[in-house]
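So the structure is just underneath, and the comments pick up after that.
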Amino acid sequence: MDEWIEELRRIIPEKRVLTDLADRHSYSFDASFDEHLPDVVVQPKTKQETADVLKLANRYRIPVHPRGSGTCLSGGPLPVHGGIVLDMSQYPAEIHLRPRDLTVDVTPSVLTANINKAAEEHGLMYAPDPSSAHVATIGGNLAENSGGPRGLKYGVTKDHVLGLEVVTPEGEIIRTGGRTIKNVTGIDLTKLIVGSEGILGVIVGATLKLMPKPPAVQTLMVTFDEVRKAGEAISQTLTSGILPSKMEFMDQACVTAVEKFQPAGLPVDAAAVIIIELDGHPETLKVEKRLIEEIMEDMGALDVIIPKTNEEAAKLWHARKQVSPAIAKIKPTKVSEDATVPRSKIPDFMDRLQIIKEKYDVEVVAFGHAGDGNLHPNVLCDKRDVEEMKRVEKAVEEMFEAALELGGTLSGEHGIGTMKAPFMELELGEVGLDMMKRIKESWDPNGILNPGKVFPEKGQKLVLHHE
Amino acid sequence: MNSLLQEQLSYDKTFDCVQCGYCLPACPTYETMERETHSPRGRINLVKMVAEGKASVEDLKEPIEKCLGCMACTTVCPTNVQYGEILESAKHVIDEHEGKSRPRKLVENFMFQRFFPSTAWMDSLGHATWLYQSSGLKKVSQRFGLTKRAPLHIHEFEAVLPEMPSPKRRKSRAGRYVRKRPATAKVAFFKGCIMDSVFYETNQNTMELLLRSGAEVVFPDQQTCCGALHAHSGKVDASVELAKRNIEAFEEESFDYIVNNAGGCGARLIEYPHLFEKGTDWHSRASAFAANVKDISEVLVDLDGLRFEQSVPRTVTYQPSCHLRNVQKVTDAPVALLEKVPGLTLKQMDRPEFCCGSAGIYNIVNYEEAMDVLDVKMQDVCGVDPDGIVTSNPGCLLQMKLGVVREGAGDRMEAVHLVDVLMEADPQPKT
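Order-wise, the sequence lines are chains A and B. Mapping of the first sequence onto this note's numbering: position 372 corresponds to residue 375, and the numbering continues sequentially without gaps. Mapping of the second sequence onto this note's numbering: position 38 corresponds to residue 43, and the numbering continues sequentially without gaps.
Below you can see the structure in the form of structure tokens.
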């Protein structure tokens with residue numbers, strides 16, 4: 004056994020240093036695409052243990068890849084250079100609420116949905132709601148800057164973080180930010196760490212911002228015979244003095260897939276479906292509901308459906324949640340993207356997707372958070388089919404180019420990870436990317452934390468096939 | 006790549022898993038064993054790795070053997086992964102690979118080839134236990150700690166066994182019970198091995214409830230073990246053999262229902278069609294058989310023939326059998342029946358769907374792991390402070406009895422079968 008692993012066993016209790024092949028394989032993947040075998044999996048339970056592992060890794064120059072529940076869609080926790088997977092999911096889960104401050108302190112292993120659940124007991128809410136919130140850890144959400152449908156009104160994870168406790172790449176423990184809503188002391192390291200995908204530090208604690216929980220919600224479903232009309236109706240709504248909490252889009256292929264998978268009574272003949280959620284005071288909702296109905300009629304909607312009961316509304320949102328598993332039935336491999344465009348460009352982006360789909364003869368469907376321009380184009384394929392995967396690579400590449408040409412970005416909420424790294428320069432420019440790299444190099448002089456992510460390696464291209 | 010191994014391992018089915026991780030919070034062993042290796046997603050991935058030659062069957066052994074098979078993961082899986090099929094295929098491959106240790110194999114061979122299918126053996130178990138209990142031997146051996154020297158922690162299980170009926174009483178059971186008035190339904194009773202040997206009175210009560218509900222009850226004497234434990238241990242051939250014998254035994258007459266009161270047996274019985282190739286004669290016979298299989302709670306709700314007379318002033322919590330809930334998908338009927346009992350207060354514990362750790366013979370062969378799961382369960386049980394834990398499967402019942410003892414709560418809490426609680430309420434025919 005390697006010397007450094009022997010030493011790991013001396014600083015971390017042996018049963019939390021995993022070296023069996025079965026254990027290593029179990030931490031070789033996430034919910035994205037690839038698999039990479041680590042040499043060892045370490046499960047720290049204190050910040051000191053976390054710091055000790057990083058100090059050791061620096062001495063031996065061993066890469067360390069932090070991981071939460073492994074629900075990442077961009078390959079964030081994959082140990083692409085072997086070494087250590089730092090499994091933070093077994094860290095003791097603690098939630099300390101301060102209702103009168105509207106803040107909460109959490110440890111990294113807390114499941115995101117549990118924060119909201121605890122807040123709701125005090126009439127408060129934690130707004131970010133990624134669809135994996137009941138499985139994903141807050142540590143992972145912070146590292147990846149996760150979003151969710153409510154991002155339209157409330158923003159993504161970074162908009163709800165007041166302070167962090169972080170183990171630096173060299174194994175020191177620091178605090179960033181604080182507990183107050185206003186805080187302009189120095190450079191904002193909190194925002195620097197959030198969304199840095201585990202390359203600048205390991206988050207071991209966070210102070211998050213809570214909001215008053217809206218007393219009521221109202222769901223509407225609107226259908227269109229043209230995708231363009233749906234896009235225009237979204238812009239029209241948002242410029243009419245109404246800010247819905249969610250505006251979710253599904254194209255016809257997604258609706259058809261859901262109806263085949265678990266029939267929910269969605270209209271399969273519509274070209275586009277938008278599901279809207281309004282939140283606020285019940286009286287306000289009555290007015291806003293009527294206004295939206297008028298707007299949608301003016302914009303040529305086929306139909307506006309208003310669920311009569313909470314159960315009916317829940318059924319619609321359940322159907323929306325089923326899109327992801329339902330489309331996985333079309334073909335076994337799902338390459339899930341989250342390229343995001345300015346809201347007004349959604350119809351143009353949809354047109355470009357159609358062209359790409361035909362050009363490369365691949366299966367592409369689109370759904371997602373249309374209200375904030377964050378679509379999820381998904382390519383359905385079979386990773387055992389090498390020839391098809393080569394076409395998929397080209398199609399995905401062109402999707403990124405299309406999003407950037409329309410003034411958008413590579414990732415709205417999933418992160419860059421491994422797959423999108425080759426396109427970073429395209430979005431940021433040579434100098435922009437270099438400035439980012441300089442930050443990384445000064446924080447992590449030995450390149451210990453999560454190498455192989457965010458920045459492309461020399462000549463790196465998007466590779467989805469294995470010969 | 007080894008294509009034979011891929012075929013044996015349900016390799017194709019592993020691709021239905023998109024590795025979203027939604028199964029993690031539902032998995033008891035992921036919670037107690039604290040690593041992805043002991044989660045459904047981890048196990049499915051390992052099956053894939055073995056099929057692709059990246060890991061060996063030996064690597065697969067522990068993670069698969071430590072799975073409870075509670076199937077909670079299948080109720081939350083967004084892509085409907087056939088975890089049960091993947092798990093059984095892995096167990097079969099491990100069994101064939103001789104991965105199991107020799108003593109374990111000897112025990113299994115005896116248990117599965119001789120013991121469970123044999124009424125004689127099962128009755129003998131019941132008789133021996135009765136003799137042991139009624140002769141005073143129990144007290145003597147407990148005092149001197151004799152049973153503590155038995156392997157596999159048997160002493161802890163035997164301490165919680167119920168009182169046994171005498172061999173004479175066992176023998177006096179009729180093969181057919183006919184109600185005097187015209188019957189509303191014709192019901193065949195599937196007795197189960199453990200239920201009939203260890204919980205004989207509960208079986209008698211089950212038939213009594215059916216009779217009072219207005220049904221004619223038939224007790225086919227050629228029936229045998231359901232084969233669940235065999236299948237869960239990778240003994241595919243033996244479980245197919247037992248399935249055939251049961252299908253034949255219940256084909257003698259036509260029935261409206263084939264009733265059982267053991268969640269685990271019922272789950273196996275409804276899965277008989279999976280054992281045979283589609284289009285074959287056996288497949289259609291198995292399908293016809295499975296279509297009539299119902300849990301006692303469902304049948305009592307269907308027949309709706311009982312009026313509960315006696316108040317049962319108790320506070321109970323309901324611990325669903327995993328195989329009743331997750332495989333047979335029976336969730337409402339047991340609760341609906343309990344709600345009908347006058348005087349009874351039903352309090353739902355936190356996470357009733359979390360397995361108790363019994364899981365067939367899991368608690369015997371994986372004692373430590375099973376007790377870790379049980380301790381989590383008992384915390385949730387104690388959270389509602391009931392005086393009764395109601396369940397509907399013999400394994401769960403024994404395990405919950407053990408849980409009560411481990412908590413030191415024997416003086417204020419007991420575990421009971423749903424059927425026995427219903428009988429306490431003195432049910433009478435409605436008409």
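Each residue gets a CB set at the ideal place from its N, CA and C atoms; glycine is no exception.
Paired residues, beta bridge with residue i - DSSP
{"i": "B:Gly239", "result": "Bridge partners of B:Gly239: none, in fact."}
{"i": "A:Ile87", "result": "A:Val43, A:Val67"}
{"i": "A:Gly283", "result": "A:Ala219"}
{"i": "A:Thr140", "result": "A:Leu114"}
{"i": "A:Met128", "result": "A:Met214"}
{"i": "B:His102", "result": "None; B:His102 has no bridge partner."}
{"i": "A:Phe227", "result": "A:Ala275"}
{"i": "B:Arg312", "result": "B:Gln433"}
{"i": "A:Ala369", "result": "A:Pro380"}
{"i": "A:Gly180", "result": "A:Gly166"}
{"i": "A:Ile3", "result": "Because residue 3 of chain A is not part of the residues shown, which for chain A are 4 to 470, the question remains open."}
{"i": "A:Met250", "result": "A:Ile279"}
Contacting residues, own chain, Cβ-Cβ under 8 angstroms from residue i (five flanking each side not counted)
{"i": "A:Lys161", "result": "Asn148, Lys194, Val197, Gly198"}
Spatial neighbours of residue i in its chain, beta-carbon cut-off 6 angstroms, leaving aside the 5 residues before and after
{"i": "A:Ser29", "result": "none"}
{"i": "B:Met428", "result": "Asn210"}
{"i": "A:Ser327", "result": "none"}
{"i": "B:Gly268", "result": "Ser326, His328, Leu329, Ser397, Asn398"}
{"i": "A:Lys156", "result": "Leu246, Ser248"}
{"i": "A:Val466", "result": "none"}
{"i": "A:Thr412", "result": "Thr343"}
{"i": "B:Trp287", "result": "Phe281"}
Best match in the options for proximity to residue i [C-alpha to C-alpha]
{"i": "A:Ala209", "options": "A:Gly181, A:Gly201, A:Ser35", "result": "A:Gly181"}
{"i": "A:Thr471", "options": "A:Pro82, A:Ser134, A:Thr106, A:Glu168", "result": "Lying before the first or after the last residue shown, residue 471 of chain A is absent from chain A, which here runs from 4 to 470."}
{"i": "B:Asn438", "options": "B:His237, B:Asp242, B:Ile301, B:Ala272", "result": "Residue 438 of chain B cannot be examined here, being either before or after the span of chain B that is shown, 6 to 436."}
{"i": "A:Lys216", "options": "A:Val271, A:Pro131, A:Val258", "result": "A:Pro131"}
{"i": "A:Leu479", "options": "A:Lys386, A:Val367, A:Glu430, A:Lys185", "result": "Outside the shown range of chain A (4 to 470) lies residue 479 of chain A, about which nothing can therefore be said."}
{"i": "A:His321", "options": "A:His68, A:Phe264, A:Thr188", "result": "A:Phe264"}
{"i": "B:Glu374", "options": "B:Lys71, B:Ser8, B:Val98, B:Leu407", "result": "B:Lys71"}
{"i": "B:Ile69", "options": "B:Tyr88, B:Lys59, B:Ala190, B:Leu166", "result": "B:Tyr88"}
{"i": "A:Lys506", "options": "A:Gly154, A:Val261, A:Ser92, A:Pro266", "result": "Only positions 4 to 470 of chain A appear in this structure, which leaves residue 506 of chain A out of reach."}
{"i": "A:Glu400", "options": "A:Glu390, A:Gly376, A:Lys386, A:Phe426", "result": "A:Phe426"}
{"i": "B:Glu63", "options": "A:Thr106, A:Leu24, A:Thr240", "result": "A:Leu24"}
{"i": "B:Glu440", "options": "A:Ser31, A:Lys48, A:Asp37, A:Phe32", "result": "The structure shown does not extend to residue 440 of chain B, since chain B spans only 6 to 436, so no value can be given for it."}
{"i": "A:Met91", "options": "A:Lys50, A:Ser31, A:Lys58", "result": "A:Lys50"}
7 angstroms CB neighbourhood of residue i in its chain, flanking five on each side removed
{"i": "B:Leu349", "result": "Val317, Arg319, Val321, Leu343"}
{"i": "A:Pro449", "result": "One detail in the question is off: residue 449 of chain A reads as Asn in this sequence, not Pro. Once the five neighbours on either side are set aside, the close Cβ partners of A:Asn449 are Asn61, Arg64."}
{"i": "B:Leu216", "result": "Tyr182, Arg184, Val222"}
{"i": "A:Ser347", "result": "Ser238"}
{"i": "A:Gly455", "result": "Val83, His84, Thr421"}
{"i": "A:Leu407", "result": "Leu429, Glu430"}
{"i": "B:Met405", "result": "Gln324, Cys361, Ile394, Thr396, Ala420"}
{"i": "B:Glu257", "result": "Pro225"}
Contiguous alpha helix (DSSP H) assignments of at least 4 residues, all confined to the stretch 191-242 of chain B: Listed in chain order, the complete alpha helix (DSSP H) runs (minimum 4 residues) inside the stretch 191-242 of chain B are 198-203, 205-217, 233-237.
Selection of the stretch 16-41 of chain B by Cβ proximity to chain A, strictly under 8 angstroms: Here the close residues are Phe20, Asp21, Val23, Gln24, Cys25, Gly26, Tyr27, Leu29, Pro30, Glu39, Arg40, Glu41.
Members of the stretch 136-150 of chain A near chain B, C-beta cut-off 7 angstroms: Taking 7 angstroms as the upper bound on Cβ-Cβ separation, chain B lies near residues His137, Val138 of the stretch 136-150 of chain A.
Residues from the stretch 57-88 of chain A in contact with chain B, defined by Cβ distance under 7 angstroms: When CB distances to chain B are screened at a threshold of 7 angstroms, the residues of the stretch 57-88 of chain A falling below it are Ser72, Gly73, Thr74, in chain order.
Ordered list of beta strand (DSSP E) runs contained in the stretch 366-422 of chain B, each at least 3 residues: The qualifying runs are 393-396, 419-422.
Members of the stretch 84-104 of chain B that neighbour chain A once the beta carbon cut-off is set at 9 angstroms: Within the stretch 84-104 of chain B, the residues whose Cβ lies closer than 9 angstroms to some Cβ of chain A are Thr84, Asn85, listed in chain order.
The stretch 337-354 of chain A: positions lying closer than 7 angstroms to chain B by Cβ: Those would be Lys337, in chain order.
Segments of 4+ residues assigned as alpha helix (DSSP H) that fall wholly inside the stretch 53-108 of chain B: For the stretch 53-108 of chain B, the continuous alpha helix (DSSP H) assignments of 4+ residues that do not extend past its boundaries occur at 62-70, 77-81, 88-101, in sequence order.
Contacting positions in the stretch 41-57 of chain B - beta carbon closer than 7 angstroms to chain A: Using a CB distance below 7 angstroms, the part of the stretch 41-57 of chain B facing chain A consists of Glu41, Thr42, Gly47, Asn50, Leu51, Met54, ordered along the chain.
Contiguous beta strand (DSSP E) assignments of at least 3 residues, all confined to the stretch 283-344 of chain B: Fully enclosed beta strand (DSSP E) runs of 3 or longer: 298-300, 311-313, 320-323.
Cβ-based contacts, 9 angstroms cut-off: residues of the stretch 322-333 of chain A near chain B: Across the stretch 322-333 of chain A, CB contacts with chain B closer than 9 angstroms involve Lys324, Gln325, Ser327, Pro328, Ala329, Ala331, Lys332, in sequence order along the chain.
Positions along the stretch 5-26 of chain A whose CB lies within less than 7 angstroms of some CB in chain B: So the close ones are Leu21, Leu24, Ala25, Asp26.
Against chain B: residues of the stretch 446-458 of chain A by CB proximity under 9 angstroms: The residues in question: there are none.
Against chain B: residues of the stretch 367-384 of chain A by CB proximity under 9 angstroms: Cβ proximity to chain B below 9 angstroms picks out nothing from the stretch 367-384 of chain A.
Segments assigned alpha helix (DSSP H), at least 4 residues, entirely inside the stretch 371-439 of chain A: Scanning the stretch 371-439 of chain A from its first residue to its last, the whole alpha helix (DSSP H) runs of 4-plus residues come out as 389-408.
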